[in-house]
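> The structure under discussion is supplied below as structure tokens; questions concerning it will follow.
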């Protein structure tokens with residue numbers, strides 16, 4: 001997405017709808033965080049759009065991003081979403097145990113005002129969850145109901161633009177099949193209630209049909225099928241990659257580039273994760289984990305380029321496991337045992353114990369993706385926004401060849417942001433002139 | 001060093017002298033490694049010049065560096081050096097316990113043939129070491145003896161060019177003083193045996209006077225004083241930064257850029273090291289450790305730019321300690337406890353346990369620096385070669401503002417290497433034409 | 001202390017004064033915990049007297065200790081103490097940041113009612129602390145003022161018995177000197193303001209003179225000098241060992257017995273600690289740390305008996321370091337790197353990362369020691385109560401040969417408790433009969 | 001086994017056969033170790049019988065065990081065994097990669113002289129292994145062939161006594177079924193080739209029939225069924241528990257007793273293991289792992305007695321996983337994340353990373369069990385030798401209530417060894433008298 005033809009300026013006071021399927025730990029943490037920041041109770045730590053600087057070509061920090069990019073401001077955001085559990089956002093946030101009462105109670109009224117719309121949900125796709133707040137009917141009817149939800153929400157809240165960010169659970173693993181090969185096949189599959197159509201695909205379909213960019217925080221097959229890419233192209237809608245890059249993969253795509261930069265060999269990389277939130281419970285189901293595993297395993301190959309370095313990376317044992325472990329709650333913990341070797345093949349070891357918080361790391365990514373997807377779409381972006389790879393475990397790219405190296409992703413992201421900033425500066429100038 | 005005027009081509013069979021003050025664990029590991037690789041007993045893992053690819057501007061790997069850069073080949077290297085302990089390289093390598101007998105014994109003859117020249121050594125500067133193989137006389141006489149050593153070595157071994165890489169111990173801490181302010185002051189200080197002139201400075205002086213680039217593997221104040229920079233400028237000699245970036249600092253300058261890229265806050269970073277080699281023993285002396293500590297502490301500030309991010313990095317508790325712990329020998333181990341925070345300030349922790357090998361990590365850096373310094377000098381480089389920052393804990397730069405972020409350093413390095421490759425390709429073309 | 005002649009029974013409603021010099025993190029956590037448990041807000045986890053069972057000779061759990069031992073009950077405890085900072089216990093607890101508001105606020109009134117008496121304090125002995133709430137006068141006057149404090153407190157609160165538990169900071173290191181050799185010398189030293197008399201000794205002197213057992217939670221030289229042992233013997237007062245066994249030493253005296261039981265060899269044990277509370281700040285002072293270091297280093301030798309096992313434990317590298325690291329607050333963290341070897345000498349490693357909480361671990365020990373010291377004294381114990389070794393980093397014993405193995409300590413403790421239980425049962429029987 | 005009626009003395013020069021089914025990593029490490037120790041090339045580290053002292057009742061070390069117990073000496077041991085792979089012990093040891101050439105080469109001749117007899121082996125029971133050196137025929141014929149092997153071996157090697165120690169792989173999980181309920185049922189099952197009769201049971205049957213004690217190093221159901229216990233009782237043969245206590249369980253049964261001693265609560269204990277040896281490969285098969293998992297999970301409950309302490313241990317999340325990870329070879333690595341809580345319920349964490357060596361830890365246990373089982377049998381022991389619980393992950397006891405606490409096990413073991421020592425001393429006295 002090199003061309004930034006006419007970056008549409010923001011009109012003052014125009015609202016942006018951020019709609020999230022799955023209003024659990026991540027979505028409630030996003031919303032509560034934005035409200036808390038608005039009340040100056042806390043800082044939006046971890047958010048590139050709120051705290052980041054534009055990096056110059058030589059890597060030195062330039063101006064604050066939000067000073068040079070026309071991004072929606074917190075006051076212009078309106079949050080909504082869907083969930084099978086009908087709790088309002090305050091109740092759901094308390095249940096999620098991510099944020100403490102000292103952060104939730106001062107914004108209780110704002111959070112209670114947001115209630116999830118009935119979800120498109122199917123236990124076949126997320127076996128460990130359930131709830132009563134669900135849509136009935138055929139897949140086609142559900143798709144249409146979602147579109148009506150979106151339009152109704154935007155009208156009610158007078159939103160000029162919208163973005164959808166999937167913050168729901170990981171679904172059962174599925175590969176691209178006949179029903180996903182073309183838009184026509186997809187719509188026919190909707191009509192016949194095809195069992196290979198996942199709820200997340202229906203959300204993506206509805207979002208794109210309504211002109212909303214779709215960003216996917218989980219590793220599900222959703223917007224990234226030929227069918228929906230065809231739709232996004234036709235509708236001129238920006239789409240993103242999938243699975244927020246947090247925790248262990250964030251660390252892995254940080255350390256592996258160092259090994260590669262320094263030509264240190266790698267024998268094996270063992271990664272285990274323990275977490276006790278809803279996501280952990282879902283991933284304890286082998287079928288859901290398979291989806292995640294595929295998303296997690298690919299990263300080393302791209303970063304290390306074993307073809308160029310068979311003597312260093314030609315035979316890596318790479319294992320990833322996730323275990324549901326309730327004592328931790330949302331406080332995910334990863335342990336990596338990395339077996340490397342140096343000069344003349346002498347072995348060394350790196351162990352990393354990352355005691356992180358799943359939703360605390362994911363929330364600013366969801367927010368940044370919403371604001372940047374909106375920016376990208378206003379700049380004429382349609383289909384996969386490769387420059388957003390920085391945020392995803394599984395970036396989706398036009399070429400099909402994702403980059404996983406965090407620092408290459410960062411360079412690509414900032415190169416694009418510099419283009420946006422130039423376009424914005426030019427537009428401002430011509431407006432003045 | 002952007003300009004690469006007329007990169008001097010290599011003549012076939014021309015020898016390059018690699019002279020190392022301090023022939024302990026690192027120097028013997030370099031030499032044994034090169035011999036082992038020549039005999040195809042092992043691979044030069046960790047060496048950019050031997051296994052690395054040129055990175056294209058977009059970060060994708062291009063051709064092998066040694067295919068596109070006119071670097072000295074292993075067959076053209078001649079090793080020598082100085083040490084207060086008169087053991088030959090085989091005996092010193094056995095004592096250092098870095099490499100196993102299966103690597104040393106097949107190259108015993110080659111290693112036994114190399115014996116250290118008498119060293120410029122002073123217990124005042126490295127309190128925990130001693131040895132009989134030392135030069136006598138005034139500082140001026142020692143400086144002249146070193147120059148005679150260098151010239152003699154190069155003649156005896158028919159070397160067309162030479163490089164000096166300091167692989168000796170860390171000296172006692174000293175700041176730039178009157179004796180280091182100008183070449184004139186320095187030479188006067190030599191004449192009066194000024195106690196602020198460290199042995200490493202005398203080596204640097206001798207090397208530069210003989211036209212040899214000087215690369216510093218320890219954090220000593222040596223080539224990086226106004227006096228010796230003046231000399232390097234006058235003599236047209238390339239110099240480097242200091243203190244090989246291995247172990248914990250390598251890891252720190254890998255992980256800190258991720259925190260910065262993701263705008264994650266940092267409360268504190270506690271780093272401890274245990275090692276049981278000669279370096280560990282030397283650093284157990286507070287005066288020597290002070291030199292190292294200064295070298296290690298600065299890196300976070302540059303990477304995190306607290307001025308731009310007072311809310312994230314304005315109040316970091318950064319502690320670094322090193323402990324001499326003999327059970328480990330050369331197998332250095334670092335433990336980092338990193339206290340970060342995310343969205344709304346929620347705390348998280350990263351622990352890194354790096355069970356590395358000091359000399360195994362340092363040896364390929366010493367080799368790469370020798371070959372690249374030689375290349376840089378042939379390309380007309382003089383004074384601090386900023387593009388070599390990638391290899392140093394304390395890069396020395398003309399501006400005085402070093403970059404520590406490993407990935408920024410990598411980008412700068414490869415940009416320069418691309419320029420060399422282009423110049424080499426152009427030269428080859430014109431030679432053919 | 002094998003004989004339990006006539007274990008004095010408890011009279012219903014008799015009060016026990018628990019007086020603590022140093023009302024910082026530990027003391028406030030003890031008091032707040034007892035109040036919270038009384039209000040059923042929390043459980044006295046970690047307290048042997050409250051939750052423990054008597055172990056039978058074969059190690060199987062028997063009845064609850066408090067069902068078979070005549071221990072003072074929570075309703076009969078009255079807390080008091082001294083501190084140079086005049087804050088009440090609520091304010092001090094909030095400042096200590098050990099317990100959360102959800103535990104402190106419901107018992108605010110009870111905590112605010114307790115204010116420290118003016119302390120015997122001298123910056124020479126604890127360099128990093130200071131405060132205005134201090135006694136003036138000569139050492140002799142201070143000792144007398146403390147005795148008046150004790151008597152006044154017990155009268156005001158109608159306490160039949162009392163115990164003193166040192167919960168103050170670690171003082172500067174000092175060895176037994178002339179002033180500590182006999183009671184006569186000690187009292188003469190008080191009279192001449194001898195600089196080798198530490199505040200903790202004056203507290204111990206005052207306590208014992210008033211008939212109160214003295215238990216020492218820090219490693220200071222206090223009750224354990226010939227002078228004060230003489231006094232304790234004369235007054236028939238029980239004394240204890242010193243330095244609560246929490247954190248790293250607790251772990252060390254757990255793991256070392258396993259190595260010994262399994263005849264696994266030990267090359268080295270590196271222990272580092274980071275903590276950010278007042279204790280951490282005090283121990284960052286080399287003179288105070290020396291006191292702690294001596295207390296921590298001895299344990300391995302006793303447990304491993306190198307004389308019996310020179311081939312396994314004859315040459316251990318044992319290092320202990322403590323670093324003040326404010327981001328942690330009271331949440332002490334220890335990292336141990338343990339280098340062991342097995343069959344034929346093959347090396348293995350154990351790493352332990354203990355993320356503990358200093359005062360949370362210490363508080364139940366302080367409580368248990370108060371209740372058990374009171375029990376021991378009622379049973380006629382005087383001088384060092386060796387059976388309490390279980391609770392101390394540095395047990396004080398009559399023989400001068402402390403046992404450090406946690407499980408041997410546990411066996412000794414429960415053997416004594418079984419004797420108490422039998423005596424109590426016999427007394428109850430004869431009372432009934 | 002309290003009674004030690006007439007401990008049969010050792011006659012000088014009498015040989016003891018140590019027969020091991022499964023001559024892989026553990027068995028070859030035992031044999032090579034004994035030979036290396038005999039040649040004074042290495043020390044029998046980790047072996048209680050060789051380096052241990054008798055502990056007095058108060059826990060203080062007494063005389064060397066081998067000075068006061070009539071144990072077979074190294075010179076009187078004759079090793080043999082069975083394996084489906086026909087390699088001699090030298091070849092098998094080289095393949096196992098446990099010991100280095102510096103230990104194996106000086107004893108090559110001794111190791112090459114020992115070749116495994118054809119094994120009773122069935123891929124249905126150990127799916128990941130195979131080999132040609134196997135017995136044919138019905139189960140009954142195999143059982144008889146094993147007995148013939150044992151008798152032949154003992155005759156050929158003039159052994160007065162023998163012991164069998166299972167050092168083979170973990171078999172597929174099976175529960176006690178009809179075929180194992182009585183000796184009669186078992187023999188009938190042998191006759192009809194019942195599929196619930198595992199190879200390990202046939203070895204145990206043959207050993208006991210020949211009067212050899214059977215010690216089980218793996219968690220298989222073997223000697224510990226009613227059928228074989230009946231046989232052991234009838235034949236007067238000592239049997240042991242199962243699964244050598246090494247690595248993670250050794251650590252767990254060390255740390256859990258500390259939590260219990262100190263009344264610290266436990267929320268969860270997550271244990272993961274990576275290992276790359278044959279055992280790791282076998283355990284990667286879910287059916288074999290099930291056997292191991294059952295063996296590993298039980299230990300916490302016994303140690304912590306949740307019935308006595310519902311508030312501390314009533315709801316523990318205990319997970320154990322094992323992953324086959326080839327880069328490690330025999331160097332097993334365990335990582336434990338332990339979630340504990342203290343005073344008022346405040347949470348703390350312990351992480352243990354045990355970088356151990358599977359066979360290095362197991363070999364001395366196999367040796368000790370052979371020597372002690374022989375001693376126990378000579379003292380009239382028959383059936384489960386509970387006093388040997390110290391060595392097993394799953395002790396087998398007459399009562400069915402195993403003790404897992406390492407230190408209770410140690411106390412029980414030494415109490416029994418003191419009885420043996422007294423009997424031996426008495427016998428020696430009466431022999432002299």
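Residue numbers (the UniProt record's numbering), protein chains in the order written: chain G, 1 to 433; chain P, 1 to 433; chain C, 1 to 433; chain R, 1 to 433. Where is the CB? At the ideal position from N, CA and C, for every residue including glycine.
(1) So what's residue 20(C) in DSSP terms, helix, strand or just coil?
(2) Taking only beta-carbon positions, decide if residue 346(P) is within less than 8 Å of chain C.
(3) What residue range does the alpha helix (DSSP H) around residue 359(C) cover?
(4) Taking only beta-carbon atoms, is residue 351(G) less than 8 Å away from chain P?
(5) Taking only beta carbons into account, state which residues of the segment 309–342 of chain R come closer than 8 Å to chain G, listed in chain order.
(6) Establish whether the CB of residue 407(P) and some CB of chain G are separated by less than 8 Å.
(7) Give the secondary structure of residue 324(G) by DSSP, where H, G and I count as helix, E and B as strand, and everything else as coil.
(8) Going along the chain, which residues of its own chain have a beta-carbon closer than 7 Å to the beta-carbon of residue 27(R), five neighbours each way excluded?
(9) Taking 8 Å as the CB-CB cut-off, is residue 1(G) touching chain R?
(10) Nearest by alpha-carbon distance to residue 341(G): which of 309(P), 42(P), 127(P) is it?
(11) Can you pull the chain P neighbours of residue 274(C), defined as C-beta to C-beta under 7 Å?
(12) Quick one: list the residues of chain P neighbouring residue 28(G), beta-carbon separation under 8 Å, in chain order.
(13) Go through its chain and collect everything with a Cβ distance to residue 348(P)'s Cβ below 7 Å, but skip five positions before and after it.
(14) Suppose contacts are defined by Cβ-Cβ distances below 8 Å. Is residue 206(C) in contact with residue 160(C) by that definition?
(15) Between which residues of its own chain and residue 244(R) is the CB-CB distance below 6 Å, once the five residues before and five after are set aside?
(16) Is the beta carbon of residue 120(R) sitting closer than 8 Å to the one on residue 135(R)?
(17) Which residues mark the beginning and the end of the alpha helix (DSSP H) in which residue 152(P) is found?
(18) By the three-class DSSP mapping on this structure, what secondary structure does residue 72(R) have?
(19) Any idea if residue 193(G) is buried or exposed, counting beta-carbon neighbours within 10 angstroms, 16 or more meaning buried?
(20) Please report whether the beta-carbon of residue 404(G) lies at a distance below 8 Å from any beta-carbon of chain P.
(21) Report all residues from its chain with a CB closer than 6 Å to the CB of residue 395(G); omit the five preceding and five following residues, and keep chain order.
(22) Assuming residue 116(R) and residue 373(R) make a contact with CB atoms under 8 Å, what is their CB distance in whole Å?
(23) Does residue 111(P) get closer than 8 Å to chain G when you measure Cβ to Cβ?
(24) Nearest-angstrom Cα distance between residue 155(P) and residue 227(P)?
(25) Does any C-beta atom of chain P lie closer than 8 Å to the C-beta of residue 267(C)?
(26) At the level of alpha carbons, what is the spacing between residue 204(G) and residue 275(G)?
In short, the structure shows the following:
(1) Residue 20(C): strand per DSSP, three-state reduction.
(2) At a cut-off of 8 Å between C-beta atoms, residue 346(P) does not count as an interface residue with respect to chain C.
(3) 358–378 is the extent of the alpha helix (DSSP H) around residue 359(C).
(4) Chain P, which has a Cβ nearer than 8 Å to the Cβ of residue 351(G), makes this yes.
(5) When CB distances to chain G are screened at a threshold of 8 Å, the residues of the segment 309–342 of chain R falling below it are 317, 319, 321, 323, 325, 326, 327, 328, 333, 335, 337, 339, in chain order.
(6) It does: the Cβ of residue 407(P) has a partner Cβ on chain G nearer than 8 Å.
(7) In the three-state reduction of the DSSP assignment, residue 324(G) falls in the strand class.
(8) For residue 27(R), where only same-chain residues beyond five positions count, the Cβ hits under 7 Å are 20, 81, 167.
(9) Any answer about residue 1(G) is weak, because its pLDDT of 46 lies below 50 and its placement is not dependable; what the coordinates show is given next. Not closer than 8 Å to any Cβ of chain R, the Cβ of residue 1(G) fails to qualify, so no.
(10) Nearest in C-alpha terms to residue 341(G), of all of 309(P), 42(P), 127(P), is 42(P).
(11) Within chain P, the residues near residue 274(C) are 270, 337.
(12) Those do not exist, as residue 28(G) stays about 12 Å from chain P at its closest Cβ, beyond 8 Å.
(13) Excluding residues within five positions, the ones whose Cβ falls inside 7 Å are 340, 341, 342.
(14) No, these two residues do not count as a Cβ contact at 8 Å.
(15) Closer than 6 Å at the Cβ level, and outside the excluded window around residue 244(R), lie 217, 362, 365.
(16) Between residue 120(R) and residue 135(R), the gap from beta carbon to beta carbon is short of 8 Å.
(17) Note, residue 152(P): alpha helix (DSSP H), 139–156.
(18) It is coil, neither helix nor strand.
(19) So residue 193(G) counts as exposed.
(20) Interface with chain P (8 Å Cβ-Cβ cutoff): residue 404(G) is excluded.
(21) Short of 6 Å from the beta carbon of residue 395(G), and not among the five residues preceding or following it, lie these beta carbons of its own chain, in chain order: 241, 389, 402.
(22) Not really, about 21 Å apart at Cβ, beyond 8 Å.
(23) Not closer than 8 Å to any Cβ of chain G, the Cβ of residue 111(P) fails to qualify, so no.
(24) Roughly 28 Å separates the two Cα atoms.
(25) With its beta carbon less than 8 Å from one in chain P, residue 267(C) belongs to the interface.
(26) Rounded to whole angstroms, residue 204(G) to residue 275(G) spans 28 Å at the Cα level.
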